[in-house]
Every structure is written in structure tokens, then in C-alpha cells.
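Novice: For reference, the structure I am asking about is given below.
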DNA sequence: ATAGTAATGTTATAATATTACGTTTTGGCA
DNA sequence: TGCCAAAACGTAATATTATAACATTACTAT
């Protein structure tokens, strides 16, 4: 994400946290910034490395606590199938996203298809299942990487 | 799964492997049986414990190799959001399943909604994304556990 | 029988995540 | 203000999940 957008999202995050009466502390802010700056999802230990830039001796709990907070607040998402984390680019409303993960280049697109989200929820309901958190991740190849492969 | 169904699925697995010219060895068979017998998903290390029943000194690779094989052959599935594995109850056709995971009791239902699978694939296609493996897991509460909660 | 491949054995280690407990910081309020 | 309780953070240890690397055995096809 470019600097301008980053700043915008960070300001949004700050105001959301203020509204909710929760604290976007400097550590949490740092983790969120690293996630948003990155083109690709980061593992908890990638983040731990990055945190050395802003903290003397960060330990795993430092990162995992910040991540827990960001996930709770919808400011970041965990990609379960690759154990990695991304910043959310539109955290201003609760949402059930779908993620497209390129197995070749590692880039991830976040999609928010309300029809799909609704279909999933309803399919659960049909058998009495109450969905709290949907995990929808498509592993595959992005447009760029598919094109590269075709040209071989 | 009860013994009768277990036997049926195991026979199906055997004939599928024979057709495909791949080997359902005794270790792979054992892992698949443990998965199918279990009411709940098993972690790789749960399986490792169980493997002590049939092997003197099983090590992690023993289990992970068997799991890799079963996943490749569509005889088992991995639940990414809980790092656990389940046996597939209808492995006779390739399929994109959805899983409903109860956060309370841990039980898992496998659903195969072709409309949803298709919608997801198409949503990817719309932006040039080629889906290879969809991961769809709904975390929530099953009918039983929801009922129990309501009665509180 | 034997060469080539697939499967397994074995040891070690990597990568991801949590527990437990002590200390510091913060915000509310007497 | 000064005190309290809750939240956040520091730190060490450990648990859980997964893979690497290399040796050995077993199967299959000629």
C-alpha cells in the first residue's frame, strides 16, 4: 500500500478505536502499519523481526497480543491456510471477506461478495448451524501469474 | 462413524486407489481408519499417538506422509482453521466441500453445496483468478450446542 | 535378479503459538 | 492529587504443528 493510503487507513483505524473506547497503542499501531505497508501477508515471526525496528527485545507475545487486538477490532485478518496476517483496507464496517491467495507470487486480494457471504450463512442456518466467523480462502493463481505460465 | 459405514468407505478407498494405480499402504490405511472412526477432527499429533497402536515408534513424518497422500487422493481433508484432519465420507468424486466447525463441541459437518462452490470459483474468475483449492470453513455453533446455550 | 522408484525409518530442527507470572501504564474516581 | 483496578506489556519457558535431510527397505517392471 502506498503512503497516502496507508495514512488514510491508519487515521480511520485511530478514529474507529477512539469511537469504540479501545486503545490503539504504539505497538498495535506499529504492527498494523507493517501489515498495511507490506504487499504480501506477513507471518507472526516476520512481524516479530520488523518489530525490532521499534522495540528493543520483542518476544512472540508482543506480536500475538497486538494481532489478537487487531483481529478483534477487524483491523487485520488472519489467513488460516498460510498462517499469515494482512491489514484490512476497509475496516470501517464489519464484514465477511473472501481471500484470493496466489500460490505462485504470494499476493492476496480481499474480496467482499455479500451474496456469497449470505449464501454461506444461509446454508449453515438450513441445518441449524450458527456461523460466527466464516473462513473463505481461495488458493490458486492470480491473473499475472496465470499469464506468465501460459507464455511458457 | 459406525463400523458398517467405515467398512464401506474403506472399501471404496481401496478400489479408488487401485483404479488410480496408487498404493493404500497399511500405514495410510491406518491413518484413514483413525480419521473415519473419530467423531471429531484429529490433529497430526493425535494421529501420531493413535499410530502407536499399530507401529512401534511412529514419528511425525510417518503421519504427515500418510496425510499428504490421503489429502492428494481426496480421501481426507485438512481443516485449516484448526490444523486438524477429517476423513472424507464420500471420496468417490472430486469435490469442493464446505465445513461447519462447532466451536463448542468440536464436531464438524461436511457440506457440498455446488452453487456456493461455483459462485466462489466465478467470483475469482471475474478478476482473473484461477482457483485451485477453495478453503471454506464456517466457525460457529452447531444446532445442539446452540440449543444448550439457549436453555441457559 | 536387478535396477529404479516409491515408501518408510530416524534424527533433528524449523515454524507457529501459548502459558504463566511479574511489572508497568492507564484511566476513573474518592 | 493519590489510590485502585484493569489493561497493557516484559520475559522466560514451553507447547504445538510441520518439515528437512539422509539412510534403509519394499515394491514393480523388465
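Chains as they are written, first to last, in the numbering used here: chain A, 93 to 244; chain B, 93 to 244. We put the CB at the ideal spot given by N, CA and C, even for glycine. Keep in mind it's a predicted model, so treat the numbers as computed, not measured.
If you drop the 5 nearest sequence neighbours on each side, which residues of the same chain put their C-beta closer than 7 Å to that of residue 180 of chain A?
Specialist: For this step, residue 180 of chain A is matched to residue 88 along the first chain. The residues are 166, 167, 168, 169.
Novice: Where DSSP assigns a beta bridge to residue 178 of chain B, which residues make up the other side?
Specialist: Numbered from 1 along the second chain, position 86 holds the residue referred to as residue 178 of chain B. Per DSSP, B:169.
Novice: Could you tell me whether any Cβ in chain A is nearer than 8 Å to the Cβ of residue 225 of chain B?
Specialist: For the purposes of this step, residue 225 of chain B is taken as residue 133 along the second chain, with counting starting at 1. So, interface residue.
Novice: Residue 205 of chain A CB to nearest chain B CB: under 8 Å?
Specialist: In the first chain, the residue the question calls residue 205 of chain A occupies position 113. Closer than 8 Å: yes.
Novice: As a quick exercise: from B:231, B:185, B:211, pick the residue whose alpha carbon is nearest that of residue 195 of chain B.
Specialist: Here residue 195 of chain B refers to the residue found at position 103 when the second chain is read from its first residue. Considering only alpha carbons, the answer is B:231.
Novice: Give me the Cα-Cα distance between residue 130 of chain B and residue 96 of chain B, rounded to the nearest whole angstrom.
Specialist: Here residue 130 of chain B refers to the residue found at position 38 when the second chain is read from its first residue. Here residue 96 of chain B refers to the residue found at position 4 when the second chain is read from its first residue. So the two alpha carbons sit approximately 14 Å from each other.
Novice: Hey, out of B:136, B:102, B:218, B:107, whose CA is closest to residue 175 of chain B's CA?
Specialist: To locate residue 175 of chain B, count along the second chain from 1; it is residue 83. Checked all of B:136, B:102, B:218, B:107; the closest Cα to residue 175 of chain B is B:136.
Novice: Does residue 202 of chain B come within less than 8 Å of chain A when only Cβ atoms are used?
Specialist: Position 110 of the second chain, counting from 1, holds the residue named residue 202 of chain B. So no, residue 202 of chain B is outside the interface.
Novice: Helix or strand or just coil, what does DSSP make of residue 117 of chain B?
Specialist: By one-based count along the second chain, residue 117 of chain B stands at place 25. In this structure, residue 117 of chain B counts as coil in the three-state DSSP scheme.
Novice: Three or more C-beta pairs under 8 Å: does that hold for the segment 224–239 of chain A against the segment 105–118 of chain B?
Specialist: Verdict: no, contact absent.
Novice: Can you tell me where the alpha helix (DSSP H) with residue 108 of chain B in it begins and where it stops?
Specialist: For the purposes of this step, residue 108 of chain B is taken as the residue at position 16 of the second chain. 95–112 is the span of the alpha helix (DSSP H), which, as asked, contains residue 108 of chain B.
Novice: Alpha carbon to alpha carbon, how far is residue 151 of chain B from residue 208 of chain A?
Specialist: Sequence index remark: in the second chain, residue 151 of chain B carries index 59 (1-based). Sequence index remark: in the first chain, residue 208 of chain A carries index 116 (1-based). Distance between the alpha carbons of residue 151 of chain B and residue 208 of chain A is about 41 Å.
Novice: By the DSSP assignment, the alpha helix (DSSP H) with residue 164 of chain B in it spans what residues?
Specialist: By 1-based counting over the second chain, the position of residue 164 of chain B is 72. Its alpha helix (DSSP H) spans residues 152–164.
Novice: Beta-carbon of residue 131 of chain A versus every beta-carbon of chain B: anything under 8 Å?
Specialist: The sequence position of residue 131 of chain A within the first chain is 39, counting from 1. No, residue 131 of chain A lies away from the interface with chain B (no Cβ there is under 8 Å from its Cβ).
Novice: Beta strand (DSSP E) containing residue 131 of chain B: first to last residue?
Specialist: Position 39 of the second chain, counting from 1, holds the residue named residue 131 of chain B. It is not in any beta strand (DSSP E) - residue 131 of chain B carries neither H nor E in the DSSP assignment.
Novice: Given residue 203 of chain B, which residues of its chain have a CB within under 6 Å of its CB, disregarding the five upstream and five downstream residues?
Specialist: Sequence index remark: in the second chain, residue 203 of chain B carries index 111 (1-based). Only 190 meet the Cβ criterion.
Novice: Where do the N-terminal and C-terminal ends of the beta strand (DSSP E) with residue 209 of chain B fall, by residue?
Specialist: Along the second chain, one-based indexing puts residue 209 of chain B at 117. No beta strand (DSSP E) contains residue 209 of chain B, which is instead part of the alpha helix (DSSP H) from 206–217.
Novice: Checking 8 Å against the spacing of the C-beta atoms, do residue 127 of chain A and residue 177 of chain A come in under that value?
Specialist: Along the first chain, one-based indexing puts residue 127 of chain A at 35. Along the first chain, one-based indexing puts residue 177 of chain A at 85. The answer is yes: Cβ separation under 8 Å.
Novice: According to DSSP, is residue 124 of chain A helix, strand or coil?
Specialist: Numbered from its first residue, the first chain carries residue 124 of chain A at position 32. Residue state, collapsed to three classes: helix.
Novice: Closest to residue 115 of chain B by CA distance: which of B:161, B:229, B:224, B:225 is it?
Specialist: The count along the second chain starts at 1 and reaches residue 115 of chain B at position 23. The shortest C-alpha separation from residue 115 of chain B is found at B:161.
Novice: Could you tell me whether any Cβ in chain A is nearer than 8 Å to the Cβ of residue 198 of chain B?
Specialist: Here residue 198 of chain B corresponds to residue number 106 of the second chain, with the count starting at 1. Closer than 8 Å: no.
Novice: What do you reckon, are the CB atoms on residue 171 of chain B and residue 200 of chain B nearer than 8 Å?
Specialist: By 1-based counting over the second chain, the position of residue 171 of chain B is 79. By 1-based counting over the second chain, the position of residue 200 of chain B is 108. Cβ atoms of residue 171 of chain B and residue 200 of chain B: closer than 8 Å.
Novice: Just to confirm before moving on: does the CB-CB distance between residue 188 of chain B and residue 226 of chain B stay below 8 Å?
Specialist: Residue 188 of chain B sits at position 96 when you count from the first residue of the second chain. Residue 226 of chain B sits at position 134 when you count from the first residue of the second chain. Yes, the Cβ-Cβ distance between residue 188 of chain B and residue 226 of chain B is below 8 Å.
Novice: With H, G and I counted as helix, E and B as strand and the rest as coil, what does DSSP make of residue 201 of chain A?
Specialist: Residue numbering aside, residue 201 of chain A sits at position 109 when the first chain is read from its first letter. Three-state result, residue 201 of chain A: strand.
Novice: Determine the chain A residues that contact residue 136 of chain B at a beta-carbon separation under 7 Å, and present them in chain order.
Specialist: Locating residue 136 of chain B in the second chain gives position 44, counting from the first residue. By Cβ distance, chain A contributes nothing, its closest Cβ being about 15 Å from residue 136 of chain B, past 7 Å.
Novice: According to DSSP, is residue 147 of chain A helix, strand or coil?
Specialist: The residue labelled residue 147 of chain A in the question sits at position 55 within the first chain. Coil.
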